[in-house]
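Novice: Residue numbers (my numbering): 647 to 1062. Take this structure first; my questions come after.
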Amino acid sequence: MSSIKHRQTTGSVSRRRFLSGAIAGAGTLALSDRLAMAQSIVSASAPITVDEIQGWGEVPGVVDIGDNENPYGPSPRAVRAVAKSLLDVNRYDFGSSRKLESAIGEFHGFPAPPPAANRFAPSGYPVYVEGGSSFILKQLAVRYGVADGNGEVIEAYPAYGGVTRFINGYSRLFGTEITVRRVPTTADFTHDLDAMLAAVTPKTSLIVITNPNNPSGTLLPQADIARFVAAVPGNVMILIDEAYIHFVREPGYEDSVALSQRHKNVLVSRTFSKIYGIAGLRVGYVVGDLDLINELKFFGNSSGIGTINCYAAIAALEDRAFVRHVKRMTNDVKDYFYGEMDKLGLSYIPSHSSFVLINAGQSGAELHQRMAARNIKLSRLGMDGNPLLDNYIRFTMGTHDEVQVAISALKEELAA
Ligand SMILES: Cc1ncc(COP(=O)(O)O)c(C=O)c1O
């Protein structure tokens, strides 16, 4: 057992702390404690466990279940990798992002490319790593929206809307007029692929599919996605954003990575910010056709990903036990949450992700504010202005304690 002190997060003591608003996470540790902790990790004198790191990033007094972060902390192996590379940052280590690309390529079972020509050369895998998948969405907004000049982009509604937000921002900034067609989902908030196909015009340059969808958590069967891809003209790029794919518990569910290797116009993006628990290190990636990947890489900022971030991502990717742990805990909390919503008589969208969208039966925007006043951070991202979603609000599946506290506050607000 290590000498690092850690907070119990599952017992009644911690629940009492939450309820009294005095969350004593590592955020409250004195600098000397933090340094001692870092030192013991660097010297590898202390084994670190998930329990110990849980809650390190918490803001004391706040139940932060708004941004779909991993509440169980980073993988202990990622923490160790950060500590180990701390003292090497005086070097460029150009090879670190190549190593990460290779680790991702191997993870997905891509065929091994010929050996790299030199230590600066990319890995040869059809993988492009970036500082967060948001930057990849932004790059696609430029490549298929702004640079295309008169391209058209299709994205569902509600959906994450990242590409739409970037295109709208560029349009405001440069006075360009890029059409974004937001195609309403079906009544159960699933992507309406038939309607998205019908929205394609000769000008369409990019279609975005978020699977599982955010904020609804709905999931498209792989067969439906494959049929859609086959029907879309080959000159239209299709981005499938799989930020939350790791939480899917459908037995045998097939993701879209293999599809991206069969079709030159399919890209699949992923992030290390969710199940891998290193949102603050900003690492995401996209896989697809090698030529396109190399083009994106050329215009991107690959060498801008810090060495520490790359090694942490490699460690997180390899820590499959941690990923399984987070998936299990998140889905257990989700089942508990469903049960509580059933007791409250509130409807929700069954989710394949790490969050749940509920119908609160009253203004979601106002409830969002009232919960925030109680230091409970939820999300209405992308919901304002959509009459279908007026009464909806999204809960990230934090730890059991966090969600329990949020539900008690919700009950009080509903009764008020
Ligand atoms: C669907 C989806 N895609 C992409 C992102 C961006 O993730 P990041 O930039 O942290 O990789 C998010 C973040 O919440 C998301 O929900």
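Where a beta carbon is used, it is the ideal one built from N, C-alpha and C, also for glycine.
As a quick check of your reading: which residues have a C-beta less than 6 Å from at least one non-hydrogen atom of ligand 1, in chain order?
Specialist: For ligand 1, the selected residues are Asn714, Gly778, Ser779, Ser780, Tyr806, Gly808, Thr856, Asn860, Asp887, Ala889, Thr917, Ser919, Ala925 and Gly930.
Novice: For my contact list, glutamine 785 and glycine 934 are in at a C-beta cut-off of 8 Å; report their separation, rounded to the angstrom.
Specialist: Their Cβ separation, rounded to whole angstroms, is 13 Å, which puts glutamine 785 and glycine 934 out of contact at 8 Å.
Novice: Rounded to the nearest angstrom, what separates asparagine 1037 and alanine 802 at their Cα positions?
Specialist: One C-alpha to the other measures close to 19 Å.
Novice: Residues in its own chain within less than 6 Å of threonine 836 by CB, not counting five upstream and five downstream?
Specialist: These residues qualify, in order along the chain: Thr864.
Novice: Tell me the rounded alpha-carbon separation between leucine 590 and aspartate 965.
Specialist: It is not possible to answer for residue 590, since the shown part of the chain is limited to 647 through 1062.
Novice: Once the 5 residues before and after leucine 783 are set aside, which same chain residues still bring their CB inside 6 Å of it?
Specialist: Here the set comprises Gly808 and Val809.
Novice: For valine 875, which residues in the same chain have their Cβ closer than 7 Å to its Cβ, ignoring the five residues on either side in sequence?
Specialist: Once the five neighbours on either side are set aside, the close Cβ partners of valine 875 are Ile884, Leu905, His909 and Val912.
Novice: Between which two residues does the beta strand (DSSP E) containing phenylalanine 1001 stretch?
Specialist: Here the beta strand (DSSP E) through phenylalanine 1001 covers 1001-1005.
Novice: Mark alanine 844 as exposed unless 16 or more other C-beta atoms lie within 10 angstroms of its C-beta, in which case mark it buried.
Specialist: Flag for alanine 844 reads exposed.
Novice: Using CA atoms only, rank isn't needed, just tell me which of Pro830, Leu732 and Lys849 is closest to alanine 841.
Specialist: The candidate whose alpha carbon is nearest that of alanine 841 is Pro830.
Novice: Rank Asp870, Asn881 and Ala967 by C-alpha distance to the C-alpha of glutamate 900 and give the top, closest one.
Specialist: Comparing Cα-Cα distances from glutamate 900 to each of Asp870, Asn881 and Ala967, the minimum goes to Asp870.
Novice: Here's the rule: buried if 16 or more other CB atoms are within 10 angstroms of the residue's CB, otherwise exposed. What is threonine 917?
Specialist: That one is buried.
Novice: Determine the burial state of glycine 930: buried for a count of at least 16 other Cβ atoms within 10 Å of its Cβ, exposed for fewer.
Specialist: By the 10 Å Cβ count, glycine 930 comes out buried.
Novice: Quick check: the Cα distance between alanine 762 and proline 768, rounded to an integer number of angstroms?
Specialist: Computed Cα separation, rounded: 7 Å.
Novice: Please list, in chain order, all residues of the same chain as glutamate 1059 whose beta carbon is under 7 Å from its beta carbon, the five residues on each side excluded.
Specialist: Cβ within range, chain order: Leu1013, Arg1016 and Met1017.
Novice: Could you tell me which of Ala1006, Leu936 and Gly926 sits nearest to alanine 758, measuring between CA atoms?
Specialist: Of the candidates Ala1006, Leu936 and Gly926, the one whose C-alpha sits nearest the C-alpha of alanine 758 is Leu936.
Novice: Whole angstroms is fine: what's the gap from alanine 787's alpha carbon to alanine 1062's?
Specialist: Rounded to the nearest angstrom, the two C-alpha atoms are 44 Å apart.
Novice: Tell me whether the region 810-822 and the region 975-982 touch, counting them as touching only if at least three CB pairs, one residue from each stretch, are closer than 8 Å.
Specialist: No: the two stretches stay apart, fewer than three of their Cβ pairs being nearer than 8 Å.
Novice: For the region 879-893 against the region 852-864, do three or more pairs of beta-carbon atoms, one drawn from each stretch, fall closer than 8 Å, so that the two count as touching?
Specialist: Short answer: they touch.
Novice: Quick check on serine 724: buried or exposed, where buried means 16 or more other Cβ atoms within 10 Å of its Cβ?
Specialist: Before going on, a small fix: residue 724 reads as alanine here, not serine. Its Cβ being crowded by 16 or more others within 10 Å, alanine 724 is buried.
Novice: Could you give the uninterrupted runs of the alpha helix (DSSP H) lying entirely in the region 911-986, keeping only those of 4 residues or more?
Specialist: List check, alpha helix (DSSP H) in window: 936-945 and 953-964.
Novice: Check aspartate 739 in the structure and name its three-state DSSP category.
Specialist: Coil at aspartate 739, not helix or strand.
Novice: So if DSSP puts glutamate 798 in a beta bridge, which residue, or which two residues, is it bridged to?
Specialist: Paired residue(s): Thr825 and Thr850.
Novice: Could you spell out the range, first to last residue, of the alpha helix (DSSP H) harbouring threonine 810?
Specialist: Start and end: 808-820.
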